Amino acid sequence: MAEAKRLLREKVLSLRAAMNRDERTMYSQKIQGLVTQTPEFLEANTIMLFLNFRDEIETTELTQQVLDLGKRLVLPRCAPKGMLILSQIRDLEKDIEPGRWGIREPKLEGLTRVLPEEIDCIVVPGVAFDRQGNRLGYGGGYYDRLFERVRETTPKIALAFHCQIVESIPVEVYDKKIDALITERGIMRFD
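Numbering of the sequence shown is given in numbering that gives the first Met the number 0, commencing with residue 0 and proceeding in unit increments.
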């Protein structure tokens, strides 16, 4: 199972990396626009997002929009043992620093922790997704562990480029499903 996941990660990450910058920017803007139209986003007061890394969907504009709308923005910081520290962000310039692996994360100094059960909507990254709501992450289990700690009713929305959708994801017992997937081609919902 681990080998199948590794090979799938390699394949999909190479497809994503092959996209040109203009395409990535255009699709990212479309995806961010679709996120802001969902009832999950509109009705949420506390929204957890991620800041993009390498060739992921660009999310900086979306995170700023959450702040501009007066909603509570939560970003994750990687911690040991596959855990995420959730922190409220008030200013993207002042509250962010390069963290582990160079990912933009909340600064440790002055960190305002947020409990998982306070989150109304989670927007997550991932490597690959299938049409049954399965998600393949980067292999650390960070989001699967987080999903166990949020309210059961908290919507989990993933963002991806269409090229990241595959026929099926190898699933293990600890892998958690998402509720929706947004690509440049639209929104897919899963029961």
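Backbone N, C-alpha and C fix where the C-beta goes; we use that ideal spot for every residue, glycine too.
This one's a predicted model, so the numbers in the text were calculated from it and none came from an experiment.
In the structure shown, Leu180 falls within a strand segment according to DSSP collapsed to helix, strand and coil.
Look at Glu108 here: in three-state DSSP terms it is coil, with no helix or strand label. Under the three-state reduction of DSSP, Phe146 is assigned to helix. Look at Glu171 here: in three-state DSSP terms it is coil, with no helix or strand label. For Phe40, the closest of Thr58, Leu110 and Ile121 by C-alpha to C-alpha distance is Ile121. Listed in chain order, the non-local C-beta contacts of Asp143 below 8 Å within the same chain comprise Gly136, Tyr173, Asp174 and Lys175, local neighbours out to five positions each way being set aside. With 16 or more other CB atoms across the displayed protein chains lying within 10 angstroms of its CB, Thr62 is buried.
As DSSP reads the structure, Lys155 sits in a beta bridge with Ile121. Counting the other Cβ atoms within 10 Å of the Cβ of Ala17 gives fewer than 16, which makes it exposed.
Between Gly132 and Ile164 the beta-carbon gap is near 12 Å, outside 8 Å, which marks them as no contact. The closest CA to that of Val123, considering only Phe49, Val170, Ile30 and Val11, is found on Phe49. Put simply, the backbone Cα of Thr45 is about 5 Å away from that of Arg71. The C-beta separation of Phe160 from Arg15 comes to about 6 Å, placing the pair in contact by the 8 Å criterion. For the options Leu74, Lys10 and Asn51, the alpha carbon positioned closest to that of Arg112 is the one of Leu74.
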